[in-house]
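In order, the protein sequence lines correspond to chains V, D, C and F.
Under the numbering used here, the first residue of the first sequence carries the number 1, and numbering increases by one thereafter.
Under the numbering used here, the first residue of the second sequence carries the number 1001, and numbering increases by one thereafter.
Under the numbering used here, the first residue of the third sequence carries the number 2001, and numbering increases by one thereafter.
Under the numbering used here, the first residue of the fourth sequence carries the number 3001, and numbering increases by one thereafter.
What follows is one structure encoded as structure tokens, with my remarks underneath.
Protein chains: 4
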Amino acid sequence: MKIAFIGLGNMGSCMARNLLRAKHDVTVWNRTPAKAEELRADNAKVAKSVTEAVREAEITVTMLADDHAVAAAVLGPGGIAENLPPSGTHVSMSTISVELAMRLAVEHGRRGQQYISAPVFGRPEAAAAAKLFIVVAGDSTAIEQAKPVFDAIGQGTFVIGPKPEMANVVKLTGNFLISSVIESLGEAIALARKYEIDPHRYVDFLTNAMFAAPVYKTYGGIIADERYQPAGFKMRLGLKDVRLILAAAEAVDAPMPIASLIRDNLLTAVGRGMEALDWSATAKLAAENAGLK
Amino acid sequence: MKIAFIGLGNMGSCMARNLLRAKHDVTVWNRTPAKAEELRADNAKVAKSVTEAVREAEITVTMLADDHAVAAAVLGPGGIAENLPPSGTHVSMSTISVELAMRLAVEHGRRGQQYISAPVFGRPEAAAAAKLFIVVAGDSTAIEQAKPVFDAIGQGTFVIGPKPEMANVVKLTGNFLISSVIESLGEAIALARKYEIDPHRYVDFLTNAMFAAPVYKTYGGIIADERYQPAGFKMRLGLKDVRLILAAAEAVDAPMPIASLIRDNLLTAVGRGMEALDWSATAKLAAENAGLK
Amino acid sequence: MKIAFIGLGNMGSCMARNLLRAKHDVTVWNRTPAKAEELRADNAKVAKSVTEAVREAEITVTMLADDHAVAAAVLGPGGIAENLPPSGTHVSMSTISVELAMRLAVEHGRRGQQYISAPVFGRPEAAAAAKLFIVVAGDSTAIEQAKPVFDAIGQGTFVIGPKPEMANVVKLTGNFLISSVIESLGEAIALARKYEIDPHRYVDFLTNAMFAAPVYKTYGGIIADERYQPAGFKMRLGLKDVRLILAAAEAVDAPMPIASLIRDNLLTAVGRGMEALDWSATAKLAAENAGLK
Amino acid sequence: MKIAFIGLGNMGSCMARNLLRAKHDVTVWNRTPAKAEELRADNAKVAKSVTEAVREAEITVTMLADDHAVAAAVLGPGGIAENLPPSGTHVSMSTISVELAMRLAVEHGRRGQQYISAPVFGRPEAAAAAKLFIVVAGDSTAIEQAKPVFDAIGQGTFVIGPKPEMANVVKLTGNFLISSVIESLGEAIALARKYEIDPHRYVDFLTNAMFAAPVYKTYGGIIADERYQPAGFKMRLGLKDVRLILAAAEAVDAPMPIASLIRDNLLTAVGRGMEALDWSATAKLAAENAGLK
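Set out below in structure tokens:
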């Protein structure tokens, strides 16, 4: 399939490479061109502009840093909205706000273009191994058309509903659920340590009993080890996501007290000098607040 | 082995029966004798008093409702502390406070008796199927001696450390972690519903991706179904446990903001008439607070 | 002095009238002209556009509903920034975001115009009686120049510092402090009622002892009376203000846990159908959460 | 009047001295006798035991540190309950739990004795100057009888209702309201400082406008000065009081989210080494959490 791939960060590069491995005809574009050039070895075509990349694509995938970058690439001059062919489909895989997803759906819609949201769960290793989980929402025909893209980069694709922003809600609430695992583990492990329980032993028990899920293993391990750097996911990114979830909730008058608490803890962690650490360092904050070294 | 089993509620009856099936010599006692009589068919001896049950037991297991019941059975007149033989071991499997566990260790210790804490995770079905998870702490020789008890009733025994109260900390923090899963799922699912996402579909995705753990399946299912009765675990019991965790934390100067928030939500749920529902009905509270019917 | 007055809502009309009473030469403008016409009787000149109102004014006062209205009036086509004479001063008295205040300072500055923030505390009655409290920040010469305006409408003018946005921070934190009085009174009075204490008696004691301040009298009275309508200040306005304070705090990485809690309570109150009530109806929420009728 | 005064700490000594100044016949008792001996110069009689002090008193006042001390003095062997004459009245002025107040009412009641709760608001300076505020609850005849006591030590006596524990609820919620002023001022002043607003100027404005109450002046001043020692009221005492209020609320199923938050902040302050500071040092915590030095 003829695919344009916009955005070659840690995640995007891996995803584009997997599309190339699946023999798709992929044209890539990245703001800093070096990242694009690297993919020539994998048979990527390299576009000089978004316009050029998108103009003849059946599917255009965006995988960019944030709302700002996506809005610029899609709605800016020379952007995707202006250049996507009428039959083309924009598949937005970035973690963006619910509000922007709604706006993109409207903007593409009034140009007769298709828009679907398809954010991904997984870290760069999972992206490299084509093991992402993909949550998709939007028009079912457009989703069907984009299926080969999802097959090439993920281990599972989950269609959540007909409105594109639904997938963004799932992505954001998913990250919220992860952050609440971190917070509650942080409090629990701090208390266990106050009672001189070995934190590794503690996590070992949990993750072999009721909490035998990847998220508890990953973050339980990090917290027990107090291994908050290198940051797999930085504080600031955590803050951005919790801001997006709170905004999505406020837009529909939904209070989210645990999300509010997490937001305040992330801000406190930044205020206490942990900005460069992994977002799970709010567990370090919990330990310090409990008087642990 | 010669075992006294004190407390035959929903959990205790199943556990005692599994000890009998494993061919142990079990004498049971229960405040309301009918529950004890039922076990005669399984070859239990029925004692008329705690004193009689305990006097010749190598191991005495208590599985009672709360601190009050345990303190009465152990420290009251004619109680376990007075009657347990010097070489005997008291295995406390109830969900009790950290403070009481510490006190029991002292009281048994000054009488030359052994005391270990061994609270269990699992619902009555798991107890019946000998599939409990058991967390044990205390003197290692005493634990070794009690091993046949654990083997007969659980699917896994996890030794957490040398001080008995450590096991109670693990039990209470475990329940706290479960309650925080409920709270965060409650907020997330309420938000998903506000965006017209089907809650079953939503839970289905989560529990097939990063959250593939029993606790998410169980409670995700309950919340998606809005099936809060019959109550598997009542509000008041949830409140009791959160009170115990907050007390254990306050005793060592550890703040637990998520536990505080859960406590306030459970109280609110009671105030709003949900006392008879399952403790996961705080998710119903989250939904109503978000303006859902 | 030659004054343009933009925005004639409940507050603005009273303020403009007081300027006229103080014999200033006032040209008014309002989006719905009827409000402007009413002031002709007080010797106001009525402008047909912002441009016309502002063009020859020494001081231009804005008193509009929100960021959106202020941004449109100042930065939109035909707006204040385009038309204010170089020596003119824009005095922004609306409750706006810190971010917008900073932006207005920049925009006026690069046109050689003066900008000061001067938000007010007080309800319409206070505005009518020229009893507002005014918090001012910005260039001291510009503030000096605007002093006759403040003298005509307030009972006290308080200069807080050299950067205009400082005054907006004071206004927003002031509203936050008021909302936290409401919240804590709400919890306290609910508890008092649970113990069958008469709420009026309770408030009477407080406000005659350590809490003898207007804010406790006003809101203590409303809560004791359960008199949440007519709304003096609506839920949605409370939500707007708490959003602005949280945004101002987030911009400088300051956590505000009490503000977060208030935000969640306001959203919950909306979710529970109290949208039309006074923002102090979060105290009604506290009462209901405690199981009171 | 014949008065027994039990408990001569910082507050009690001043209060007893004011009773002596008012020409009452006062017998004092204190656990460490030196404090009692000091009052001989003011014409106090010094008893060797609680029994001796109480036996002939019309009114017995207790002003002790906590529940434990009051329960021992009243219900212990040789205590007030055993020795108060049938027509005697016990006036409990300490800050004790609602639960203990209820228990004292029952214990005195079944001995035909009178019990009223009359906790005080004010610091030692206010006690010395006979400027305390006194909240009283209980049987109105008993209150009438005790009036000369209140007149001698306070600037105002406020009868809140017929059940003694009502006065304790008012005392505890009063302290809660004070602590919530501290918390909200802490957040607001931290934010003001982040925007480079002078904190003294800020507090000056507030306390000359809507917040012109003693509690804002006292604590606003402390926070602006960052003057957290010497501690007027220590962290641990703050923690004790918030624990009592949360217990009183939990006993009637009332959630108090702001009280919960304050409790967690006080615990955090202790965990971060502020145990010796004034309880208002949670404002220092707020500042540090916002990244201020």
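C-beta: ideal position from N, C-alpha, C; glycine also.
None of these values were measured; they are calculated from a predicted model.
Chain A contact residues for E3183 (chain F), given Cβ-Cβ distances below 7 Å: As a matter of chain content, chain A is missing from the structure shown, whose protein chains are V, D, C and F.
Anything in chain C within Cβ reach of T3282 (chain F), meaning under 7 Å, just list it in chain order. By Cβ distance, chain C contributes nothing, its closest Cβ being about 11 Å from T3282 (chain F), past 7 Å.
Assigned secondary structure, K2 (chain V) (DSSP; H/G/I helix, E/B strand, else coil): strand
Would T2282 (chain C) and A2290 (chain C) qualify as a contact pair, given that the criterion is a beta-carbon distance under 7 Å? Contact flag unset, no.
Against chain F, with Cβ distances strictly below 7 Å, would G2161 (chain C) count as a contact? Yes, G2161 (chain C) lies at the interface with chain F (some Cβ there is under 7 Å from its Cβ).
Does A3057 (chain F) pass the burial test, meaning 16 or more other C-beta atoms within 10 Å, or should it be called exposed? buried
For A3101 (chain F), would you say it is in contact with chain C, using Cβ-to-Cβ distances shorter than 7 Å as the test? No, A3101 (chain F) lies away from the interface with chain C (no Cβ there is under 7 Å from its Cβ).
Is any beta-carbon of chain D found at less than 7 Å from that of S13 (chain V)? no
Which residues does DSSP pair with D25 (chain V) in a beta bridge? V:K2
Entirely within the region 2159-2240 of chain C and at least 4 residues each: give me those alpha helix (DSSP H) ranges in chain order. 2164-2194, 2199-2208 and 2214-2225
Roughly how many angstroms lie between the CA atoms of T1173 (chain D) and Q3229 (chain F), to the nearest whole one? Inter-residue distance for T1173 (chain D) and Q3229 (chain F) is about 36 Å (C-alpha atoms, whole angstroms).
Unbroken stretches of the beta strand (DSSP E), 3 residues or longer, contained in the region 3053-3089 of chain F: 3059-3062
Per-residue DSSP class, three states only, for T3051 (chain F): helix
So D3132 (chain F) is in the beta strand (DSSP E); what residue range does that whole segment cover? It is Leu, not Asp, that sits at residue 3132 (chain F) in the sequence shown. Per DSSP, L3132 (chain F) belongs to the beta strand (DSSP E) from L3132 to A3137.
Looking at the C-beta of N3175 (chain F), does it have a partner C-beta in chain V at a distance below 7 Å? At a cut-off of 7 Å between C-beta atoms, N3175 (chain F) does not count as an interface residue with respect to chain V.
Determine the chain D residues that contact R201 (chain V) at a beta-carbon separation under 9 Å, and present them in chain order. F1158, V1159, I1160 and G1161
Cβ closer than 7 Å: which chain F residues qualify as neighbours of T268 (chain V)? The answer, in chain order, is N3289.
Would you say M102 (chain V) and M63 (chain V) are within 7 Å of each other, going by their C-beta atoms? no
Applying the criterion that 16 or more other CB atoms from any shown protein chain within 10 Å of the CB defines a buried residue, is P199 (chain V) buried or exposed? Here P199 (chain V) is buried: its Cβ has 16 or more other Cβ atoms, across all protein chains shown, within 10 Å.
Contact with chain D by V169 (chain V), beta-carbon distance below 7 Å: yes
Delimiting residues of the alpha helix (DSSP H) encompassing S2260 (chain C): P2257 to G2271
Please name the residue, chosen from F:A3251, F:R3236 and F:I3245, that lies closest to A3280 (chain F) on a Cα-to-Cα basis. First, the amino acid is wrong: residue 3280 (chain F) is Ser here, not Ala. Answer by Cα proximity: F:R3236.
Could you check what DSSP says for T32 (chain V) in three-state terms: helix, strand or coil? Here T32 (chain V) sits in coil by DSSP.
S2117 (chain C) - containing beta strand (DSSP E), residue span: From DSSP, the beta strand (DSSP E) with S2117 (chain C) extends over Q2114 to S2117.
Cβ neighbours of L3206 (chain F) in the same chain (closer than 7 Å, five flanking residues each side left out): Y3216 and G3220
Contacting residues, own chain, Cβ-Cβ under 7 Å from T3095 (chain F) (five flanking each side not counted): If we look at T3095 (chain F) and ignore the five residues flanking it on each side, its Cβ neighbours are P3119, K3171 and D3241.
Using the three-state DSSP reduction, which class does S1092 (chain D) fall into: helix, strand or coil? Strand, per DSSP.
Can you find a CB in chain C that lies within less than 7 Å of the CB of G1271 (chain D)? yes
So I2178 (chain C) contacts chain F; which residues on that side make the cut at Cβ distance below 8 Å? Below the 8 Å Cβ cutoff, chain F contributes M3210 as neighbours of I2178 (chain C), in chain order.
So, with DSSP's three-state summary, where would you put D1278 (chain D)? strand
Beta carbon of A1036 (chain D) nearer than 7 Å to that of V1046 (chain D): yes
Three or more C-beta pairs below 8 Å linking the region 253-263 of chain V and the region 175-184 of chain V: yes
Just to confirm, are T1141 (chain D) and F1150 (chain D) a CB contact at a threshold of 7 Å? no
What in chain V is Cβ-close to P959 (chain D), meaning under 8 Å? Examination of residue 959 (chain D) is not possible in this model, given that chain D is present from 1001 through 1293 alone.
Using beta carbons (cut-off 7 Å, strictly below), is F205 (chain V) in contact with chain D? yes
Shorter than 7 Å from the beta carbon of V3106 (chain F) to some beta carbon of chain C? No, V3106 (chain F) does not count as interfacial toward chain C.
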